[in-house]
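To start, the structure itself, in structure tokens.
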Amino acid sequence: MYQVEGICGVQGPEPHLPQAVQNIDPLTNASRRARERNQQPELPPSSSSNPTVLFVNLFQPRGSPASLPSQPCIVATMIEPSIRMRRAIHAGDALLVRRILNSHPSILHNPDASPAGQSNSNLHLAASLGHRDICKVLVDAGHEKPCPALNENHQTALMLAAAAGHTEVVHLLCEDDRTCILRRDIRGRDALMEASKGGHDTVVQLLLTYCPDGPLEAVRRADLEGNTALHFASSNGNLLVLRTLLAAGANVETRNVWSWTPAAYSATVQAEVYLKGLVSEVGKRQQAKKEVDSTRKAAAVRLVEVNEE
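Residue numbers (numbering that gives the first Met the number 0): 0 to 308.
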């Protein structure tokens with residue numbers, strides 16, 4: 000792939016040519032007259048309507064000025080493979096990504112060094128955009144071996160996919176390495192908290208299903224400020240996520256470092272009323288379960304064999 004760098008002008012006479020030859024050259028005379036008028040020199044008409052494309056090899060020294068064409072030309076240079084890779088990911092072209100990896104296996108991770116790139120790897124970019132096929136190509140190539148790639152904020156590709164609500168990508172990454180669900184970033188947040196914050200109920204259910212320690216342990220995890228997934232869901236008014244987290248065993252009385260409960264962080268009055276109603280419903284179910292268990296224990300009868308004499 001090539002990129003146009005600019006248009007080069009017509010090659011003029013060599014400086015060492017005699018003065019008589021320079022005066023004969025019409026281009027030199029035109030250039031002198033243009034400089035006197037403080038204008039751009041006029042180019043002689045070309046035999047072809049299209050300019051000549053000059054491909055410059057960046058890995059070899061360029062030729063002498065005498066080897067350049069005598070008509071306007073477009074200078075084109077090869078685009079760096081790292082830039083081509085990121086462009087292919089943005090375009091969602093999995094076949095092109097595979098071809099570039101086959102030609103340049105060293106750019107498998109390809110961290111983005113731009114100021115806004117946060118050192119995101121190829122998988123971070125593909126996961127954040129929701130390109131499942133490209134994520135599959137990168138994972139099969141060993142992108143997450145021996146451990147998941149992290150950006151400057153210590154975020155994994157799973158966290159970015161969960162925050163954006165890309166269900167297919169989350170499913171793929173969870174099947175590849177379910178221990179990645181427990182990873183935390185620099186703020187102590189995991190993928191479940193990111194999905195709860197974004198209100199992506201299907202992603203939350205996937206993460207709870209694949210969590211190695213079970214859903215109960217996942218919903219009770221807290222970040223550095225003591226906020227659980229229920230805090231994030233309540234603060235953004237995500238009603239479906241609230242129901243899913245409470246069904247998984249989230250504790251509504253958990254307080255963060257500021258002594259705030261999830262109900263206190265409710266974004267709207269509707270979310271607060273809904274959360275309190277869910278808590279009351281869960282409490283009634285737990286109480287009914289306890290009563291049933293106690294009744295079963297009280298109704299149990301112990302059978303004792305009596306030996307007849």
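Ideal placement from N, C-alpha and C gives every residue a C-beta, glycine not left out.
Measuring alpha carbon to alpha carbon, tell me which of VAL291, ASN237 and VAL256 ends up nearest GLU271. ASN237
Distance check for MET77 and THR267, CA to CA, integer angstroms please. 54 angstroms
My guess is that VAL203 and VAL251 are in contact by the Cβ rule of under 8 angstroms, so how many angstroms apart are they, rounded? Not a contact, Cβ separation roughly 16 angstroms.
Residues that DSSP places opposite MET84 in a beta bridge: Paired residues: none, contrary to the question.
DSSP state of ALA190, grouped into three classes? helix
Tell me which same chain residues have a C-beta within less than 6 angstroms of the C-beta of LEU245, skipping the five on either side of it? LEU277 and VAL281
Among all the DSSP beta bridges, which residues are the ones paired with MET158? DSSP output for MET158 lists no bridge partner at all.
What is the DSSP secondary structure of THR253, reduced to helix, strand or coil? coil
Where does ALA221 sit, in a helix, a strand or coil, going by DSSP? strand
Count the other CB atoms, across all protein chains shown, that sit within 10 Å of the CB of GLU193; report buried if there are 16 or more and exposed otherwise. buried
Does the distance from the CB of SER233 to the CB of ALA190 come in under 8 angstroms? no
Please determine, among GLN117, TRP257, ARG98 and ILE106, the residue with the shortest C-alpha to C-alpha distance to HIS142. ILE106
Could you tell me the distance, in whole angstroms, from the CA atom of LYS289 to the CA atom of GLY91? 53 angstroms
Taking the DSSP output, what are the residues bridged to THR243? In DSSP, THR243 forms no bridge with anything.
Using a 10 Å radius around the Cβ and a threshold of 16 neighbouring Cβ atoms, would you call LEU157 buried or exposed? buried
Unbroken alpha helix (DSSP H) run spanning HIS123, endpoints: 121 to 128
In the structure shown, what three-state DSSP assignment does THR267 receive? coil
Distance cut-off 7 angstroms: ALA287 Cβ against heavy atoms of the ligand ZN: Absent from the structure shown: the ligand ZN. Ligands present: none.
With respect to the alpha helix (DSSP H) encompassing LYS135, which residues constitute its N-terminal and C-terminal limits? 131 to 139
Taking the C-alpha atoms as reference points, what is the distance between ASN56 and LEU95? A caution first: ASN56 carries a pLDDT of 48, below 50, which makes its placement in the model too unreliable to give a value.
Take every Cβ of the stretch 174 to 186, pair it with every Cβ of the stretch 134 to 154, and state whether three or more of those distances are shorter than 8 angstroms. yes
Measure the CB-CB distance between ILE99 and ALA87 and report whether it falls below 8 angstroms. yes
Could you tell me if SER195 is buried or exposed, where buried requires 16 or more neighbouring beta carbons within 10 angstroms of its beta carbon? buried
Measuring only the C-alpha atoms, how far is SER386 from ALA163? As shown, the chain starts at 0 and ends at 308. That puts residue 386 outside it, with no answer to give.
Answer yes or no: do LEU205 and THR166 have a C-beta to C-beta separation smaller than 8 angstroms? yes
What does DSSP give as the partner residues of THR208 in its beta bridges? Paired residue(s): none; THR208 is not in a bridge.
Please report the straight-line C-alpha distance between ALA173 and ARG97, rounded to a whole angstrom. Before going further, note that residue 173 is Cys rather than Ala in the sequence given. Distance between the alpha carbons of CYS173 and ARG97: 22 angstroms.
Below 7 angstroms CB to CB, which residues in the same chain sit around TYR264 once its five sequence neighbours on both sides are set aside? HIS230, SER233 and SER234
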